[in-house]
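Asker:
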Amino acid sequence: MNNKELSASVAGEISLGGEISVHRLGFGAMRLTGEGIWGPPKDRNTALAVLRRAVELDVNFMDTADSYGPYVSEELIAEALFPYPAGLVIATKGGWNRPGPNQWTHDASPVHLRKAVEGSLKRLRLERIDVYQLHIPDPAISFEASVETLAQLRNEGKIRLVALSNVTQEHIERARKIVPIVSVQNRYGFADREWDYVVDYCERNGIAFIPWYPLGAGKVAGEVLNQVAQAHRASPTQVALAWLLRRAPMMMPIPGTSSIEHLEQNVAAASLRLADEDYRKLSGASALAASR
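First residue of the sequence shown? That's 1283 in our numbering, and the numbers climb one at a time after it.
1) DSSP state of residue 1301, grouped into three classes?
2) From the DSSP output, which residues share a beta bridge with residue 1320?
3) What is the DSSP secondary structure of residue 1459, reduced to helix, strand or coil?
4) Please report how far the alpha carbon of residue 1334 lies from the alpha carbon of residue 1316, in whole angstroms.
5) Among the candidates 1492, 1491, 1521, whose CA atom is the shortest distance from the CA of residue 1503?
6) Please return the same chain residues whose Cβ sits closer than 8 Å to the Cβ of residue 1287, not counting the five positions on each side in sequence.
7) Thinking C-beta only, is residue 1410 closer than 8 Å to residue 1460?
8) Three or more beta-carbon pairs under 8 Å between the segment 1390–1405 and the segment 1319–1333, yes or no?
9) Is the CB-CB distance between residue 1462 and residue 1444 below 8 Å?
10) Is it the case that the Cβ atoms of residue 1313 and residue 1539 are separated by a distance below 8 Å?
11) In terms of residue numbering, what span does the beta strand (DSSP E) encompassing residue 1415 cover?
12) Distance check for residue 1564 and residue 1508, CA to CA, integer angstroms please.
13) Apart from the five residues on each side of it in sequence, which residues of its chain come closer than 8 Å, Cβ to Cβ, to residue 1547?
14) As a quick exercise: from 1431, 1359, 1484, pick the residue whose alpha carbon is nearest that of residue 1404.
15) Expressed to the nearest angstrom, what Euclidean distance is found between the alpha-carbon atoms of residue 1381 and residue 1353?
16) In whole angstroms, what separates the C-alpha of residue 1376 from that of residue 1329?
17) For residue 1456, which residues of its own chain have a beta-carbon under 8 Å away from its beta-carbon, when the five flanking residues on both sides are left out?
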């Protein structure tokens, strides 16, 4: 793959709530933590270098959460990048805790969310968080109570924009009756299309869709991906990201990595343009996989 320009800006722009404009290829900071998304990274200097390189490559949207580490990802972002360059948007999340390696527990109670926001403000060294996401609905707490808390924190000036993660269309519709929702982050990829209807809903309503785990693919889908990648002299990851960028104008992939080399490969995907036939092949890969 011949990269004419190594810059996230090549992916184009996306608007968050009509208030913030960012490049359509961001960075997910979950993988900068230790194994099992627990504790500090094995190589702290490399983790900091990856964050700084991302900004050099014009990445101006970074996604994190208080549960990544926990707290480690947010602390690394502040250590690497504060004082933050103009235009950098940091999105974080709360409501899902990390009690141990590869473990998650819910707590989206109003009391916890307030503490979570205050903690993120302190770790990120911010007076206001640009985008704050409810990490996942809590089955033991009223969803409306969780969203109303974030709306109150927005009114208090501690959050600029409210967003959701791991939600259905019904959740989005219920949340929008309380506060404007600027983005939705769900698992999604060219061969993992469970949330297609949510992508379409977001596109119709001007809500950014942030896919995570874009390479969740079965064997058949993987074969198609490899064929297209070879034809473009690109990596499978780059092709998967290029498919996402074409899928919808409100799509904003946030590939994460702890390697500068992989970071540069991901950003290079912004300049990859898929032919109509390749796009259709990849789009049909999930149907092929499901039929096997």
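Glycine residues also receive a C-beta, built at the ideal position from the N, C-alpha and C atoms.
Since the model is a prediction, treat every value here as computed from it, not as a measurement.
Answerer: Quick look at the numbers:
1) coil
2) 1351
3) coil
4) 19 Å
5) 1521
6) 1553
7) no
8) no
9) yes
10) yes
11) 1411–1416
12) 10 Å
13) 1517, 1519, 1520
14) 1359
15) 12 Å
16) 22 Å
17) 1425, 1426, 1429
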